[in-house]
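>
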Amino acid sequence: MLSCKALVASSSDYLDGQLRFTEGLSVRAHLAMCGNCRRFVRQLRLTLRVLQQMPEPLVSDLDAVAAQLADAAKKPD
Ligand SMILES: [Zn+2]
Numbered sequence: 763m764l765s766c767k768a769l770v771a772s773s774s775d776y777l778d779g780q781l782r783f784t785e786g787l788s789v790r791a792h793l794a795m796c797g798n799c800r801r802f803v804r805q806l807r808l809t810l811r812v813l814q815q816m817p818e819p820l821v822s823d824l825d826a827v828a829a830q831l832a833d834a835a836k837k838p839d
């Protein structure tokens with residue numbers, strides 16, 4: 763079972779389809795059980811879509827964006 767931290771670390775690769783099959787399964791299993799990470803991944807997917815419409819240098823800052831979203835996901839509603 764992945765920790766939430768490990769899931770966040772893999773999430774951009776997951777959305778890019780870059781994970782190995784077994785890694786993707788672990789991510790999916792975690793998402794099935796963890797509402798926080800589901801919300802995080804949904805938010806990250808939206809953010810990626812926006813970033814893809816921006817110039818290259820911003821896209822390379824993806825790790826920082828993912829970290830920011832992870833912090834936001836930890837806050838209660
Ligand atoms: Zn989680």
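Residue numbers (my numbering): 763 to 839.
Each residue gets a CB set at the ideal place from its N, CA and C atoms; glycine is no exception.
Closest by CA to Ala768, which one among Thr784, Ala794, Val789?
Out of Thr784, Ala794, Val789, Val789 has the C-alpha closest to the C-alpha of Ala768.
> Is Leu777 close to ligand 1? I mean its beta-carbon at under 8 angstroms from any heavy atom of the ligand.
Leu777: no, Cβ never under 8 angstroms from ligand 1.
> Rounded to whole angstroms, what's the CA-CA distance from Asp833 to Leu787? Just pull it up for me.
Asp833 and Leu787: Cα-Cα distance of roughly 24 angstroms.
> If you draw a straight line from the alpha carbon of Arg807 to that of Leu793, how long is it in whole angstroms?
Answer to the nearest angstrom: the Cα atoms are 14 angstroms apart.
> So, with DSSP's three-state summary, where would you put Arg748?
Here the chain comprises residues numbered 763 to 839, so residue 748 is not present and cannot be evaluated.
> Relative to the C-alpha of Asp825, which candidate in Ala771, Arg800, Phe802, Ser765 has its C-alpha closest?
Ranking the options by Cα distance to Asp825, first place goes to Ala771.
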